[in-house]
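Heads up: the protein sequence lines correspond to chains B and P, in order. Heads up, the first sequence is in our numbering, so the first residue is 2 and it goes up one at a time. Heads up, the second sequence is in our numbering, so the first residue is 2 and it goes up one at a time.
2 protein chains.
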Amino acid sequence: MMPCMAEHAKHKVVVVGGGFGGLYAARAMTNSALQVTLVDRRNFHLFQPLLYQVATGGLAPANIAAPLRNLLRQRARVLLAEVVDFDLAGRRVLLADGELPFDSLIVAAGSEFNYFGHDDWRSLAPGLKSIEDATEIRARLLTAFEMAERTADAAERRRWLTFIIAGGGATGVELAGALADLARYTMRQDFRAIDPSEARIILVEGRERLLTTFPEDLSAHTADTLRRLGVTIRTGTMVADVRPHEVVLKQGDRSETLPAETVLWTAGVRTAGVAGRLAQAAGAETDRMGRIVVQPDLTIAGHPNVFVAGDMAHLAPQGGEPLPGLAPVAMQQGQYVAQVIERRITGDPPPPPFHYHDRGNMAVIGRSAAVADLHWTHVWGFPAWLAWLFIHLLYLAQFQNRLLVLIQWAWNYVTRSRSARLITGEGRSGSEAERGRHRDTGRASAVAASAETP
Amino acid sequence: MMPCMAEHAKHKVVVVGGGFGGLYAARAMTNSALQVTLVDRRNFHLFQPLLYQVATGGLAPANIAAPLRNLLRQRARVLLAEVVDFDLAGRRVLLADGELPFDSLIVAAGSEFNYFGHDDWRSLAPGLKSIEDATEIRARLLTAFEMAERTADAAERRRWLTFIIAGGGATGVELAGALADLARYTMRQDFRAIDPSEARIILVEGRERLLTTFPEDLSAHTADTLRRLGVTIRTGTMVADVRPHEVVLKQGDRSETLPAETVLWTAGVRTAGVAGRLAQAAGAETDRMGRIVVQPDLTIAGHPNVFVAGDMAHLAPQGGEPLPGLAPVAMQQGQYVAQVIERRITGDPPPPPFHYHDRGNMAVIGRSAAVADLHWTHVWGFPAWLAWLFIHLLYLAQFQNRLLVLIQWAWNYVTRSRSARLITGEGRSGSEAERGRHRDTGRASAVAASAETP
Chain B
2 MMPCMAEHAK HKVVVVGGGF GGLYAARAMT NSALQVTLVD RRNFHLFQPL
52 LYQVATGGLA PANIAAPLRN LLRQRARVLL AEVVDFDLAG RRVLLADGEL
102 PFDSLIVAAG SEFNYFGHDD WRSLAPGLKS IEDATEIRAR LLTAFEMAER
152 TADAAERRRW LTFIIAGGGA TGVELAGALA DLARYTMRQD FRAIDPSEAR
202 IILVEGRERL LTTFPEDLSA HTADTLRRLG VTIRTGTMVA DVRPHEVVLK
252 QGDRSETLPA ETVLWTAGVR TAGVAGRLAQ AAGAETDRMG RIVVQPDLTI
302 AGHPNVFVAG DMAHLAPQGG EPLPGLAPVA MQQGQYVAQV IERRITGDPP
352 PPPFHYHDRG NMAVIGRSAA VADLHWTHVW GFPAWLAWLF IHLLYLAQFQ
402 NRLLVLIQWA WNYVTRSRSA RLITGEGRSG SEAERGRHRD TGRASAVAAS
452 AETP
Chain P
2 MMPCMAEHAK HKVVVVGGGF GGLYAARAMT NSALQVTLVD RRNFHLFQPL
52 LYQVATGGLA PANIAAPLRN LLRQRARVLL AEVVDFDLAG RRVLLADGEL
102 PFDSLIVAAG SEFNYFGHDD WRSLAPGLKS IEDATEIRAR LLTAFEMAER
152 TADAAERRRW LTFIIAGGGA TGVELAGALA DLARYTMRQD FRAIDPSEAR
202 IILVEGRERL LTTFPEDLSA HTADTLRRLG VTIRTGTMVA DVRPHEVVLK
252 QGDRSETLPA ETVLWTAGVR TAGVAGRLAQ AAGAETDRMG RIVVQPDLTI
302 AGHPNVFVAG DMAHLAPQGG EPLPGLAPVA MQQGQYVAQV IERRITGDPP
352 PPPFHYHDRG NMAVIGRSAA VADLHWTHVW GFPAWLAWLF IHLLYLAQFQ
402 NRLLVLIQWA WNYVTRSRSA RLITGEGRSG SEAERGRHRD TGRASAVAAS
452 AETP
């Protein structure tokens, strides 16, 4: 084990999480005195901003994911493992199947969707965070049209063709736009009994407008564009209950029960379990989303060698709003932490407190429509979409993916086709349990259908 | 329901299965007096000959699959349903959730891997028939390297780096070649503790040579090429047992136990359950692989309106060997059956008995190596690979896929990269049960590892 002996003298950095924060931290540490290990449960980095494209059949999972080993080849050791706890005094990360010693620790384990105490809704109304979520949602969306095609009962068909998206943030808007595009254009010719463009897509947002992190004029543009695509927008409305076959919406005092088979959840996020463990181990303060309150240099108070980056960090510049959970924030924080650690190693003075260089905020609405808040100007429509396309391609981690995604998009744009429309996972026990209610309903209805349709 | 009334007068053709046989039958029936319905459990056609590329991370599932509704848009109704039985006297196909009346029936439900009575091996040694199989195998292959990287125990590392492929037919050869390529070139730089090129890939074939359906000189070329890629070839050897952590091989009287964590099964096929149901319903003769013995016009004796095509059909021309289960056979049979049915409708005389136009047989061995038996000549090496590439791209069902696959291949060829190296499905109950033994082993070993590696 000679090489191991030689590395004992190095400063061990453990990075938890291969998302934007962790990946950009690991890539930015180039000092040879550092021995960097990145731990993730998955073997790939996921370009989450494009996950909604997988969920709506526009891109394949491999288009938006790249193996971490590939991305970090010479820079860091990659370990496929599950982090279960932290022993900060002993400077160890505890894994489900072992442990990892560290001198400096960077935790960037991201976030998950927040069901606000209704975790039982999760199986009925999946969120969109992982590749599996995306293929599950894709299967549900496509299956809903198939079931609608098979039933002869008008009420049931309407239920299958009703799609409710909870949450009018960027993910909700993007899903609603892409789903409208899928139903109105891509699949228009595919069915016999139904017209997919009859699909009712209902976007539900608790606050008074969509995209509340954007300026009001862009929210209004977004709502207009979605309405032109046939999306029904219900602002000021809460999802009060999600039950099999129906959803209860609440607007002020009025509540309304909507029959619907497909509900998607994009309303609010919270940190994952790892954040809670770390907060406990460090005695750190957390906010109501579970984010860890960090110092201006992204360390945890009292633990100068423990850093938090990305969605897990609560950092409010000059007493303002905490930074949002966006990919650029996580990237810049990852790079900043790498800089802090490297300067400590080289004995250079620490960098100034972390400052987020906010170059703007964008959301895509559908084919050739987007909104972009670049602070010095607001852009919408086709120019915003072009800008969005350009920036996302630029950031896509691997050159090959970038090229393939570009071609796939160009093709989709010209033909309105979506080639990745596969219903996978069926026949395996995995998603079957979750899809149980869909399939049972389908069965009952299809028996009725077969007697009537030729 | 006016359109349904009008269609009542039409001749109803039900096609069971959206593989090559069913798809080509449905596409070839253009007579407007026919009402064609294609039934499949999945919503996509799968280009099975390239499935091994998905299993080894070279292509994404969506690259080799296309939505059936898209492929058949104007030609046939597509029904997503599971066929459970046939009522031939009542001219009905019985679905899990309904039934379908027919005037003519085409059954082309394909085949599955044959474990020759050892179905308990299935979870330990998965076959390669579906998209889920391919992503499961991809996850197992990639996880094995990850586990080898983590263990400090030499024997265990060796076990994780030992890959046994049962069956030296085209699928086994293709998997072995692609896996060798993945280990020796693609992942060479990706690990720290292990050298992936140390992986032992053992291809086990019961008969005396690989690719027994090819001429002997091409078998010899194949074996040479695989050996140069580092594959160990064990002909005249049977898999006697598959157990957790080991495989028992038997050569003549000698038996040998090989520690190995990853076993893939490509040895022999048999028909799926639907074939048995149809044979019983029709009182038809089957061979030992479960294939239904058909008349020269691909009907079942005594049932002139029931056709069988593709892997499910046993048709032996002039008392020779039955036609092999290859994509071109299925395609030609599908088209032939369509012709028979159309001629009956138009009152034209039936076509001559089905004749398979055998344009040759190919197998790919690895990067830039293949063998092709074109009957009038034998080709191997790079020219055969180019021919293989050309023909497979030509047949890929959708133009978009063809272009994307071509680019992905060109890229892989130049860089030896494989971008679709994702371990997915983890964290879901589905494949977790099947992967249980892998993960348990991993856990035990990694605890040991963490104490020793820095």
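All C-beta atoms, glycine included, are put in the ideal place defined by N, C-alpha and C. It should be emphasised that the depicted structure is a prediction, and the values quoted were computed from it without experimental measurement.
Residue i at chain P interface by Cβ criterion, 9 angstroms
{"i": "M503 of chain B", "result": "The structure shown does not extend to residue 503 of chain B, since chain B is modelled only from 2 through 455, so no value can be given for it."}
{"i": "G99 of chain B", "result": "yes"}
{"i": "I195 of chain B", "result": "no"}
{"i": "T425 of chain B", "result": "yes"}
{"i": "Q79 of chain B", "result": "At residue 79 of chain B the sequence reads Val, which differs from the Gln that was named. Interface residue, yes."}
{"i": "R74 of chain B", "result": "yes"}
{"i": "E262 of chain B", "result": "no"}
{"i": "L45 of chain B", "result": "Contrary to the premise, residue 45 of chain B reads as Phe rather than Leu in this sequence. It does: the Cβ of F45 of chain B has a partner Cβ on chain P nearer than 9 angstroms."}
{"i": "L180 of chain B", "result": "no"}
{"i": "P68 of chain B", "result": "yes"}
{"i": "F192 of chain B", "result": "yes"}
{"i": "N71 of chain B", "result": "yes"}
{"i": "R201 of chain B", "result": "no"}
{"i": "E147 of chain B", "result": "yes"}
{"i": "A61 of chain B", "result": "yes"}
{"i": "E286 of chain B", "result": "no"}
{"i": "M332 of chain B", "result": "no"}
Below-9 angstroms beta-carbon distance, residue i vs any chain B residue
{"i": "P351 of chain P", "result": "no"}
{"i": "E209 of chain P", "result": "no"}
{"i": "N64 of chain P", "result": "yes"}
{"i": "E133 of chain P", "result": "yes"}
{"i": "T144 of chain P", "result": "yes"}
{"i": "A421 of chain P", "result": "yes"}
{"i": "A276 of chain P", "result": "no"}
{"i": "T272 of chain P", "result": "no"}
Beta-carbon gap between residue i and residue j smaller than 9 angstroms
{"i": "G170 of chain B", "j": "T238 of chain B", "result": "no"}
{"i": "L39 of chain P", "j": "R92 of chain P", "result": "no"}
{"i": "G269 of chain P", "j": "F117 of chain P", "result": "yes"}
{"i": "V17 of chain P", "j": "A110 of chain P", "result": "yes"}
{"i": "T236 of chain P", "j": "E206 of chain P", "result": "yes"}
{"i": "G168 of chain P", "j": "T258 of chain P", "result": "no"}
{"i": "L95 of chain B", "j": "V85 of chain B", "result": "yes"}
{"i": "R422 of chain P", "j": "T187 of chain P", "result": "yes"}
{"i": "I107 of chain B", "j": "G326 of chain B", "result": "no"}
{"i": "L219 of chain B", "j": "D182 of chain B", "result": "no"}
{"i": "L125 of chain P", "j": "L176 of chain P", "result": "no"}
Buried/exposed call for residue i, threshold 16 Cβ in 10 Å
{"i": "H356 of chain B", "result": "exposed"}
{"i": "F308 of chain P", "result": "buried"}
{"i": "P354 of chain P", "result": "exposed"}
{"i": "P68 of chain B", "result": "buried"}
{"i": "G19 of chain B", "result": "buried"}
{"i": "R189 of chain B", "result": "exposed"}
{"i": "Q333 of chain P", "result": "buried"}
{"i": "Y28 of chain B", "result": "The amino acid occupying residue 28 of chain B in the given sequence is Arg; Tyr does not appear at that position. Buried, because 16 or more other Cβ atoms sit within 10 Å of the Cβ of R28 of chain B."}
{"i": "D349 of chain B", "result": "exposed"}
{"i": "E113 of chain B", "result": "buried"}
{"i": "E322 of chain P", "result": "exposed"}
Whole-Å CB distance - residue i paired with residue j, under 8 angstroms assumed
{"i": "S105 of chain P", "j": "V14 of chain P", "result": "5 angstroms"}
{"i": "R43 of chain B", "j": "I342 of chain P", "result": "With 8 angstroms as the limit, R43 of chain B and I342 of chain P do not qualify as a contact, their Cβ atoms being about 49 angstroms apart."}
{"i": "V240 of chain P", "j": "A364 of chain P", "result": "Incorrect: roughly 21 angstroms between the Cβ atoms, too far for contact."}
{"i": "A26 of chain B", "j": "A339 of chain B", "result": "5 angstroms"}
Decide if the region 199 to 210 of chain B is in contact with the region 306 to 315 of chain B; the criterion is three or more beta carbon pairs, one per stretch, under 8 angstroms apart.
-> Of all C-beta pairs linking the region 199 to 210 of chain B to the region 306 to 315 of chain B, fewer than three are shorter than 8 angstroms, placing the two stretches out of contact.
Between the region 160 to 169 of chain B and the region 254 to 268 of chain B, are three or more C-beta pairs nearer than 8 angstroms?
-> yes
Three or more C-beta pairs below 8 angstroms linking the region 378 to 387 of chain B and the region 359 to 369 of chain B = yes
Where the region 335 to 361 of chain P meets chain C: residues whose CB sits under 9 angstroms from a CB there = Note that chain C does not occur in the displayed structure, where the protein chains are B and P.
So does the region 270 to 281 of chain B actually touch the region 146 to 156 of chain B, counting three or more Cβ pairs closer than 8 angstroms?
-> no
Within the chosen definition, does the region 134 to 148 of chain P reach the region 55 to 73 of chain P through at least 3 CB pairs nearer than 8 angstroms?
-> yes
Can at least three beta-carbon pairs, one atom from the region 315 to 328 of chain P and one from the region 143 to 152 of chain P, be found at a separation below 8 angstroms?
-> Pairwise C-beta distances place the region 315 to 328 of chain P out of contact with the region 143 to 152 of chain P, as fewer than three of them are shorter than 8 angstroms.
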